[in-house]
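Protein chains in written order, with this note's numbering: chain A, 126 to 505; chain B, 126 to 505; chain C, 126 to 505; chain D, 126 to 505.
Note sheet for the following structure.
There are 4 protein chains.
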Amino acid sequence: MTAESKPEGETRLRAAILGASGYTGAELVRLLARHPRVDIAVLTAERHAHQSVADTLPHLQLLDLPDLLPISEVEWSGINIDVAFCALPHGETQRIVAGLLHATGHTLVDELIREETADLGAGLDRDIKVIDLSADFRLDPPTYAEWYGKAHQAHALQEEAVYGLTEFARDEVRSARLIACPGCYPTAALLPLLPLVEDKLIDASEIIIDAKSGVSGAGRAAKEASLFAEVSEGIHAYAVGAHRHAPEVERQLSRAHGEDVVVGFTPHLVPMNRGILATIYVTLTGGSTAGDVRERLAERFRDEPFVGVVPEGPMPATRHVRGSNYCLIGVMQDRLPGRAIIVSVIDNLVKGAAGQAVQNMNLMWGFAETAGLEQAPLFP
Amino acid sequence: MTAESKPEGETRLRAAILGASGYTGAELVRLLARHPRVDIAVLTAERHAHQSVADTLPHLQLLDLPDLLPISEVEWSGINIDVAFCALPHGETQRIVAGLLHATGHTLVDELIREETADLGAGLDRDIKVIDLSADFRLDPPTYAEWYGKAHQAHALQEEAVYGLTEFARDEVRSARLIACPGCYPTAALLPLLPLVEDKLIDASEIIIDAKSGVSGAGRAAKEASLFAEVSEGIHAYAVGAHRHAPEVERQLSRAHGEDVVVGFTPHLVPMNRGILATIYVTLTGGSTAGDVRERLAERFRDEPFVGVVPEGPMPATRHVRGSNYCLIGVMQDRLPGRAIIVSVIDNLVKGAAGQAVQNMNLMWGFAETAGLEQAPLFP
Amino acid sequence: MTAESKPEGETRLRAAILGASGYTGAELVRLLARHPRVDIAVLTAERHAHQSVADTLPHLQLLDLPDLLPISEVEWSGINIDVAFCALPHGETQRIVAGLLHATGHTLVDELIREETADLGAGLDRDIKVIDLSADFRLDPPTYAEWYGKAHQAHALQEEAVYGLTEFARDEVRSARLIACPGCYPTAALLPLLPLVEDKLIDASEIIIDAKSGVSGAGRAAKEASLFAEVSEGIHAYAVGAHRHAPEVERQLSRAHGEDVVVGFTPHLVPMNRGILATIYVTLTGGSTAGDVRERLAERFRDEPFVGVVPEGPMPATRHVRGSNYCLIGVMQDRLPGRAIIVSVIDNLVKGAAGQAVQNMNLMWGFAETAGLEQAPLFP
Amino acid sequence: MTAESKPEGETRLRAAILGASGYTGAELVRLLARHPRVDIAVLTAERHAHQSVADTLPHLQLLDLPDLLPISEVEWSGINIDVAFCALPHGETQRIVAGLLHATGHTLVDELIREETADLGAGLDRDIKVIDLSADFRLDPPTYAEWYGKAHQAHALQEEAVYGLTEFARDEVRSARLIACPGCYPTAALLPLLPLVEDKLIDASEIIIDAKSGVSGAGRAAKEASLFAEVSEGIHAYAVGAHRHAPEVERQLSRAHGEDVVVGFTPHLVPMNRGILATIYVTLTGGSTAGDVRERLAERFRDEPFVGVVPEGPMPATRHVRGSNYCLIGVMQDRLPGRAIIVSVIDNLVKGAAGQAVQNMNLMWGFAETAGLEQAPLFP
């Protein structure tokens, strides 16, 4: 079969995807392989190192792609990478990113990591930008230490990183060197919640997020808990009161609210590959109604290419966004007086990960924000 | 192949299952066919009338069972039915039940229905008892009329019916002539909530029930919304703020609380056959803690054969109860101060329908409460 | 949110999609909505008539699309349709297509249908082309009558129609006025079988096709047999020895072979939305080996953009082609001496239906054959 | 909650289940926990050693069961085990079984293993019987060595073991000390094929078995290939021409046929937890018809409690046997002249593993063959 061609004659980026064999990494490959302004120059994988794309990501075998290398074997020199997408485990990520960015932080910790990682990106051009999809740059240092059990090793970068919830951070994203892409649950929850907290239409101290996720969110690591037979034909809540996406949501809501916000957050695992549905229970303030909330959100997202607010009626389903970069939001009155129910859906691997990463890349290089992301949802 | 024998020499019931070709009816057949004290004498079905069990319920084809008749063709005379299980659509049920019970109600409506249904159970023994699995006898008359859009036709029976949440109604069930088996969602929600509301450990005005159900709960009717391709690989909320199980839950909680209770209730459809998981968000009162709540529930259900309260740690999953009459309950502290999260799981077709019906039957005839219900959950 | 723009300044087609609310129709909408050279001008639906795309195909609600009309209400005059895609039930299709094409056939049957359907496409430009996805134009008249229980009503069109298995009919497709797109099972089976039968590498009288399909192949009609609970967590064979795709496969193989071919064909229903996997058991002739077969197929499809032959090793899976227009083929030696096993996978809604239809359209109007079909498979 | 009681006053077996935390082991626990004549005295697990049943098999947490021990920590002395069920990995099994049986084999290999395993079952009563569910005792020594890559270490036991396809080996099973329970695929294939090969109704040299299995057949080990996201929403063939169940089927068919038989066997992985469906393509001999085949099978299995042959019409589905010890068989004429298609379905964990093991145990101790296995299939 023949390779397909991309438009010639325009600026093109050369991208590296680190951690390409996981589900998030594979999704980056899928999106970028068709992106009109990007060439995939480097793919890395550790568990699947030295395998071809045909072996590891057989759904992409008809595309023309490089083999998977371990990061340590990448020859950065001379390959002119513009952007590195990191889909690596947390902890490991901070070390790699520091190395790639030749980080010149100000703290002792940063100095240490600088030494350790000095050679990681040796030969890289200075102006590489990093779009990170791990949790490593989403939290502030003390919260990170509390939730991940040890101090972050690259504080300066942690502070430099822009939290890339695109619809709320366009200006910062455009000029960023390091993007921390939001987690999948936080993306689904924050898109509807941020405008409402900003406008004080809801009580920021009584937000309950009951979230449901597909299994790809647990990654491709071989764990008993992710086996088909452990997950299909059933549903369960996990990490109740203790999921690391709670402080991430709280950090952003606290910024919007102006003071500390704590949220209730209960994730559930649903027997489906893709999708997050967040059912959010909120207390309305100052006499506002579910209709006011819906109208405010519709207004806020009117010009957004990827966010839709559905009219009163059936609530959005995850299958309405599968494979796309969309977020759909619905709002209904609760039976409990003075309360409303918000439902928000995304594809965790697209808007909740790889799609949002590409959306941020588009902004950073001045491409159309929808470039490479026009694909409509796949149903059924 | 050969039929298997049941123990001889003990009182045996002769049962009719009306609506045997739906999922709830089929589950009654499955359970009763193996019940040591019951013979299945009559099976009815309308859509699948005149078919054999092999045609309609091929999973039961190796059992020795009567063919399916339309109700109108059952010859009640001489077949000595002791108990009728009704797994019929609401509305239609009240007419059938009135006919079977030769109802001598006191209202005009009841008189009318008495005439209309005079011949329905003609020939039946006087002492038949009815265990109903529809919604027809779960609500009080005005609430029924409000939520089902027309007046109930058998008010006297509606008032006579015992709400068969077994663990909370044993004495009434033992002497009842007509049982209204609870809905599947209400069973999952009420088992943990009733003791807490009774003991005022939680605030009855702030209960939020986020419920997730398998697709068998939607019944076997051929509807686009229940097609595999509409339901698999996704999740959605439905009937938000408007599901008929909300007033059913509220009626029971109001009784326990002593004054009117309104609850938030949001059902979701999950791509699995069986199971309900209710995630219940409650506000603790009087300084009680999640631990107090867990302990109270553990104490309340200590001697119950079918209800288990799990210790602090992983929450129960629907796959831990699949195919069984169990309800498992977990309790955890919420991140929101003063709040707790309760998770309750059942198999909607067993404890949420057919199993609870059989459990009630066991009580009504003085059998061991677990008779016919000892089957352990099927996993995976 | 904002609509996205398509390239200006090139020839653009105006397309009608008849039967847009079924799964095949919806897939046509999904593909054509992003096609760089097509505008969707008309969408029809009968069951879902007068609904918006947001109501019926909510996954496409963020696209800018016309509402669904019943065919009888389409005002053909003045809307300048170039191409009509028909995703309608068989039987009904022949009547509609005859009307659209102002068919001037030569038989009595055709005359009758001409009268009946005279007004169907009144006002339409003369040069409309029809790409049909039903079974109506795939068989010859006597076979059609035998398998569909009544005579075809548009014999002349039946004979004119080009069987659009693109890779084997490019020249005919380019000049066709009416394309009969192959069925999903035949597409999966014929792609590997045709070259082998042509080259006499296998015995045409001993072909056994064991096929497995996702549930979307059964369509969106509300049937008990397609309910989630009837289909999930199980597999079964259906229409054994009697499926209408058998004569379709046989017709094409007979042409290639030069004499009548009969095949064994057993379809199975698998609990997945999309995908067909055909496991084909063949007897090798003239000393040929599985390696010869693989090599022959690799050579035959070397320049095809959508067909890939995998090397010896793991066989292709349906999830490697989900959402794409790909067909992947693998070949292995059987344990039975002198026999080989061929596995062929497609997405039944894309290469097995809507994608192949678009591929044919691209040929008919001289677009790049891959236009609108570049999307890589979606995994997981 | 309260434990339930079992009947008193009859002989009761004390059982050990080795490898109780895998799916097969857990299924043995499920079945034996309810068996009227068995007490579970020992549960072992290596990966999940020292965990409680509540932790490892939470679906069984309401039963009264011992904690899981590593085999090396079991104190065999004084616990009076009658029967050991082995659900351990192949290779390891032969060592354990040899130890448990104090094997006094005649070959050098056996002597070696005797030394190595001398202490394994130290203290055990002499008359323990072993029912093995691994592949270790299903093949003859040379075939084992060929397919498993090394010599078997307990030849004498290998020869002593009875192949426990119950319906074809009752006399041998009754007096056996060591049962080799058939594999899941072989059970599904052999039940219909053995009578036909014995009676020469089919050509033994042209049998093609296209088999489809649920994912629990791959076991509970944490492998990438068994992850939900790798397996759901798709189907694939694996181990094409190279699956270890092929020689197992061939060994039994060869015995029945009187000379060596080779079969075509292609397994596929289906996104469901339980179930095997074998579609078997056979050439009829001596003018026999599909009807003859069906009749012969119906006659052969007429008095079998667990095997049913369905009349002409719809073929059996795996969901008709889920959770039960049933095998259902259907037969249809093929389109290819002189050929028939047989479909056979079982639950791989019950009739294909734990259920058949219990059925054999019932025979060995003279219990009713159906004891503990009366549970009807669970649908949906």
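From the three backbone atoms N, C-alpha and C, an ideal C-beta is built for every residue, glycine too.
Does the separation of the CB atoms of residue i and residue j fall below 7 angstroms?
i        : j        : result
B:VAL163 : B:LEU193 : no
A:ASN485 : A:ILE304 : yes
D:LYS374 : D:VAL388 : Correcting the residue type first, residue 374 of chain D is Val in the shown sequence and not Lys. For D:VAL374 and D:VAL388, yes; Cβs fall inside 7 angstroms.
B:ARG220 : B:THR242 : yes
D:GLY342 : D:CYS309 : yes
B:LEU157 : B:ALA140 : yes
B:ASP472 : B:VAL446 : yes
B:ALA281 : B:ILE238 : no
B:ILE204 : B:ALA145 : no
A:GLY246 : A:GLY216 : no
C:GLY289 : C:ALA212 : no
A:ILE454 : A:LEU409 : no
C:THR181 : C:ALA478 : no
B:ALA367 : B:THR391 : no
B:ALA381 : B:LEU319 : yes
D:ALA482 : D:LEU258 : yes
D:GLU152 : B:ARG159 : no
D:VAL90  : D:ALA329 : No answer is possible for residue 90 of chain D: it lies beyond the span of chain D, which begins at 126 and ends at 505.
Below 8 angstroms on the Cβ atoms is my guess for residue i versus residue j; work out the distance and round it to an integer in Å.
i        : j        : result
B:SER338 : B:VAL395 : 6 angstroms
D:ALA501 : B:LEU188 : 6 angstroms
B:PRO505 : A:GLU355 : 7 angstroms
B:ASP78  : B:THR312 : No answer is possible for residue 78 of chain B: the residues shown for chain B start at 126 and end at 505.
C:MET489 : C:VAL255 : Actually they do not touch by this definition, with Cβ atoms about 11 angstroms apart.
D:ILE401 : C:MET397 : Going by Cβ atoms, the distance from D:ILE401 to C:MET397 rounds to 18 angstroms, so no, they are not a contact pair.
C:LEU249 : C:ILE196 : Contact flag wrong, Cβ pair sits at about 12 angstroms.
C:ALA276 : C:VAL287 : Not a contact, Cβ separation roughly 22 angstroms.
D:VAL434 : D:ASN450 : Not quite, the Cβ-Cβ distance comes to about 16 angstroms (not below 8 angstroms), so this is no contact.
Write down every uninterrupted run of the alpha helix (DSSP H) in the region 413-462 of chain D whose length is 4 residues or greater and which is fully enclosed by it, in chain order. 415-425
| said: Is it the case that the region 465-472 of chain D contacts the region 266-276 of chain D, given that we only count it when at least three CB pairs across the two stretches are under 8 angstroms? | reply: no
ask   = Residues in the region 487-501 of chain B with C-beta within 9 angstroms of chain D's C-beta atoms, listed in sequence order?
value = ALA493, THR495, GLU499, GLN500 and ALA501
Quiz prompt | Every unbroken beta strand (DSSP E) within the region 325-384 of chain D, with a cutoff of 3 residues, ordered by chain | solution = 333-338
What residues from the region 362-378 of chain A come within 9 angstroms of chain B, judged by C-beta to C-beta, listed N to C? ALA362, TYR363, VAL365, GLY366, ALA367, ALA371 and GLU375
Review point. Would you call the region 410-424 of chain B and the region 450-467 of chain B touching, i.e. three or more CB-CB distances under 8 angstroms?
Key: yes
>> Residues of the region 336-357 of chain C in Cβ contact with chain B at a cutoff of 7 angstroms, in chain order, please.
In response: VAL340, SER341, ARG345, ALA347, LYS348, GLU349, SER351, LEU352, PHE353, ALA354, VAL356 and SER357
Stretch-stretch touch, CB-based, cutoff 8 angstroms, three pairs: the region 343-351 of chain C with the region 401-409 of chain C
no
Report task. With 8 angstroms as the C-beta to C-beta threshold (strictly closer), list the residues of the region 380-403 of chain B near chain A in chain order. Result -> VAL387, VAL388, GLY389, PHE390, THR391, HIS393, VAL395, PRO396, MET397, ASN398, ARG399, GLY400 and LEU402
Could you tell me which whole alpha helix (DSSP H) segments of length 4 or greater appear in the region 169-252 of chain D? 178-181, 217-225 and 233-241
- Going along the chain, which residues of the region 299-318 of chain B sit with their C-beta nearer than 7 angstroms to a C-beta in chain C? none
- prompt: Looking at chain B, which residues of the region 272-299 of chain D have a Cβ within less than 8 angstroms of any of its Cβ atoms?
  reply: none
Between the region 155-188 of chain A and chain C, which residues of the former have a C-beta closer than 8 angstroms to a C-beta of the latter?
ARG155, ALA158, ARG159, ALA179, LEU182, PRO183, HIS184, LEU185, GLN186, LEU187 and LEU188
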